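**Student:** For the sequence shown, my numbering begins at 103 and goes up steadily by one.
The following block contains the structure, expressed as structure tokens.
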Amino acid sequence: MKGITVGFIGAGMMAEALIGGALKMELLPAGKIVASDVNPARRSHLAQKYGVRVTGNNRDVVAWADLVVLAVKPQHASGVLAEIGPALAPEKTVLSIMAGVSTAAIESYLSPGVPVVRAMPNTPCLVGAGVSAVARGRWAGDEHAELAAALLKATGHVVRVDEGQMDAVTGLSGSGPAYVFTVIEALADGGVAEGLPRPVALELAAHTVLGAAKLLLESGDHPAVLRERVTSPAGTTAEGLLVLEDRGVRSAFARAVREAARRSKALGEGTA
Ligand SMILES: NC(=O)c1ccc[n+]([C@@H]2O[C@H](COP(=O)([O-])OP(=O)(O)OC[C@H]3O[C@@H](n4cnc5c(N)ncnc54)[C@H](OP(=O)(O)O)[C@@H]3O)[C@@H](O)[C@H]2O)c1
103 MKGITVGFIG
113 AGMMAEALIG
123 GALKMELLPA
133 GKIVASDVNP
143 ARRSHLAQKY
153 GVRVTGNNRD
163 VVAWADLVVL
173 AVKPQHASGV
183 LAEIGPALAP
193 EKTVLSIMAG
203 VSTAAIESYL
213 SPGVPVVRAM
223 PNTPCLVGAG
233 VSAVARGRWA
243 GDEHAELAAA
253 LLKATGHVVR
263 VDEGQMDAVT
273 GLSGSGPAYV
283 FTVIEALADG
293 GVAEGLPRPV
303 ALELAAHTVL
313 GAAKLLLESG
323 DHPAVLRERV
333 TSPAGTTAEG
343 LLVLEDRGVR
353 SAFARAVREA
363 ARRSKALGEG
373 TA
């Protein structure tokens, strides 16, 4: 991202995660980052903690930055876009991380040719272990998607999708952390029922989930292969897995993703 200036409209939690990650990974120096926010407390927090430029004027960000990141809540999208849209030229790249706001909706406020990239990050981005899906809008090329992905990598892994797949992404990785928290809590409940102190049970459960994901990603093995490897004949894991199959856990998770994706689609279409 050498030579690129990045501006954030909305300097909340997600903007801070991206700024903190970008500086930590030395993607760009603090002097190349500007953030605007209506909240003076957020502005001074970011200026003091990260040494980035801050402003209360969204148009300053647009004038100065090559990559303009829309990081306000979706309900503020139309107000912000009406304000900054006329000032955005096709030389800029717009990256929106606003959940559920389509590139077409954003483009409708902009001149033809302004490249828009949409991303769906998830909450583990706040600790640098997130995953973001990135989709190109009508005028965005690979170079714009790559620029957006380079910034998002500061908060974790990045995958490229078509925008039509964003509802599925929302159902899987967007809502997914909540499913996994439920799993962790349930595993810990089981441990407590078997006599473990609650904090120890939670530590064991959380590290088991973290470690299993790491093993899968680093080995490149299919989950079924890894599962078979820990399932010895007449052993403990085989007994546990039988219960999960009896209770339909596998289809429950798949259906949770489908229902969340369906809800995301309905919200996007205004039919929810
Ligand atoms: N948090 C996540 O894990 C996550 C995951 C996926 C996607 N997202 C998306 O990321 C976006 C940002 O989320 P967030 O959690 O970072 O929200 P946030 O913490 O509320 O940050 C948004 C900031 O923008 C400010 N703001 C509101 N109106 C503004 C305006 N007109 N101009 C400039 N700043 C304005 C807000 O100030 P006030 O608080 O005073 O209104 C707030 O400081 C959202 O669109 C969300 O859908 C978040």
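Cβ coordinates follow ideal geometry from the N, Cα and C atoms, glycine included.
These numbers were taken from a predicted model, which means no experiment stands behind them.
Do Ala235 and Val218 count as a contact pair if the criterion is CB distance below 7 Å?
**Tutor:** Within the sequence shown, numbered from 1, the residue matching residue 218 stands at position 116. Within the sequence shown, numbered from 1, the residue matching residue 235 stands at position 133. Contact flag unset, no.
**Student:** Would you tell me roughly how many angstroms separate the C-alpha atoms of Val271 and Arg357, rounded to the nearest one?
**Tutor:** The count along the sequence shown starts at 1 and reaches residue 271 at position 169. The count along the sequence shown starts at 1 and reaches residue 357 at position 255. Approximately 14 Å, taken between the alpha carbons.
**Student:** Per DSSP, which one or two residues make a beta bridge with Ala376?
**Tutor:** The chain is shown from 103 up to 374; residue 376 falls before or after that span and cannot be answered.
**Student:** Taking its Cβ as the centre, do 16 or more other Cβ atoms sit within 10 Å of Ser353, making it buried, or is it exposed?
**Tutor:** Start at 1 with the first residue of the sequence shown, and residue 353 comes out as number 251. By the 10 Å Cβ count, Ser353 comes out exposed.
**Student:** Taking the beta strand (DSSP E) that Gly109 belongs to, which residues open and close that run?
**Tutor:** One-based indexing of the sequence shown puts residue 109 at position 7. Val108 to Ile111 is the extent of the beta strand (DSSP E) around Gly109.
**Student:** Return yes when the C-beta of Met127 is under 6 Å from any heavy atom of ligand 1, and no when it is not.
**Tutor:** Taking the first residue of the sequence shown as 1, we reach residue 127 at position 25. The answer is no for Met127.
**Student:** Provide the residue span of the beta strand (DSSP E) that contains Ser138, from first to last.
**Tutor:** Walking along the sequence shown from the start, residue 138 turns up at place 36. That run of the beta strand (DSSP E) goes Ile135 to Ser138.
**Student:** Determine the closest residue to Ala132 out of Leu344, Pro142, Met116 and Val156, with distance taken between C-alpha atoms.
**Tutor:** Translated into the one-based positions of the sequence shown, residue 132 becomes position 30. It is Val156.
**Student:** Any idea what DSSP makes of Val170, helix, strand or coil?
**Tutor:** Within the sequence shown, residue 170 is the residue found at index 68, counting from 1. Reduced to three states, the DSSP call for Val170 is strand.
**Student:** Assuming the contact rule is C-beta atoms closer than 8 Å, Ala167 and Val203 should be a hit. Round their C-beta distance to whole Å, please.
**Tutor:** Taking the first residue of the sequence shown as position 1, residue 167 is located at position 65. Taking the first residue of the sequence shown as position 1, residue 203 is located at position 101. The Cβ separation is near 19 Å, so there is no contact.
**Student:** Restricting to Cα atoms, I'd like to know which of Thr195, Glu305, Ala207 and Arg144 is closest to Ala251.
**Tutor:** Position 149 of the sequence shown, counted from the start, is the residue given in the question as residue 251. The shortest C-alpha separation from Ala251 is found at Thr195.
**Student:** Go through its chain and collect everything with a Cβ distance to Val216's Cβ below 8 Å, but skip five positions before and after it.
**Tutor:** Locating residue 216 in the sequence shown gives position 114, counting from the first residue. Excluding sequence neighbours, Val216 sits near Leu190, Ala191, Pro192, Lys194, Val196, Glu209 and Trp241.
**Student:** Quick check: what's the CA-CA separation for Gly112 versus Ser277?
**Tutor:** Translated into the one-based positions of the sequence shown, residue 112 becomes position 10. Translated into the one-based positions of the sequence shown, residue 277 becomes position 175. For Gly112 and Ser277, the distance between alpha carbons rounds to 22 Å.
**Student:** For a test of your reading of the model: does the CB of Ala237 fall under 6 Å from any non-hydrogen atom of ligand 1? Yes or no.
**Tutor:** In the sequence shown, counting from the first residue as 1, residue 237 sits at position 135. Because no heavy atom of ligand 1 lies under 6 Å away, the Cβ of Ala237 does not count as near it: no.
**Student:** Is the beta carbon of Leu120 sitting closer than 7 Å to the one on Ala237?
**Tutor:** Taking the first residue of the sequence shown as 1, we reach residue 120 at position 18. Taking the first residue of the sequence shown as 1, we reach residue 237 at position 135. No, Cβ-Cβ distance for Leu120 and Ala237 is not below 7 Å.
**Student:** Taking all protein chains shown into account, do 16 or more other C-beta atoms lie within 10 angstroms of the C-beta of Ala295, making it buried, or fewer, making it exposed?
**Tutor:** Position 193 of the sequence shown holds residue 295. So Ala295 counts as exposed.
**Student:** Decide if Ala142 is buried, meaning its Cβ has at least 16 other Cβ atoms within 10 Å, or exposed.
**Tutor:** Counting from one through the sequence shown, the residue named residue 142 turns up at place 40. What sits at residue 142 in the sequence shown is Pro, not Ala. Answer is exposed; the Cβ neighbour count stays below 16.
**Student:** Which whole-angstrom value describes the C-beta separation of Glu265 and Arg220, a residue pair presumed to lie in contact below a C-beta threshold of 8 Å?
**Tutor:** Walking along the sequence shown from the start, residue 265 turns up at place 163. Walking along the sequence shown from the start, residue 220 turns up at place 118. Confirmed, about 6 Å.
**Student:** Check Val156 in the structure and name its three-state DSSP category.
**Tutor:** Within the sequence shown, residue 156 is the residue found at index 54, counting from 1. Reduced to three states, the DSSP call for Val156 is strand.
**Student:** Relative to ligand 1, is the shortest distance from any of its heavy atoms to the C-beta of Asp269 smaller than 6 Å?
**Tutor:** As a first step, residue 269 is located in the sequence shown; it is residue number 167 there, counting from the start. Incorrect: Asp269 has no Cβ contact closer than 6 Å to ligand 1.
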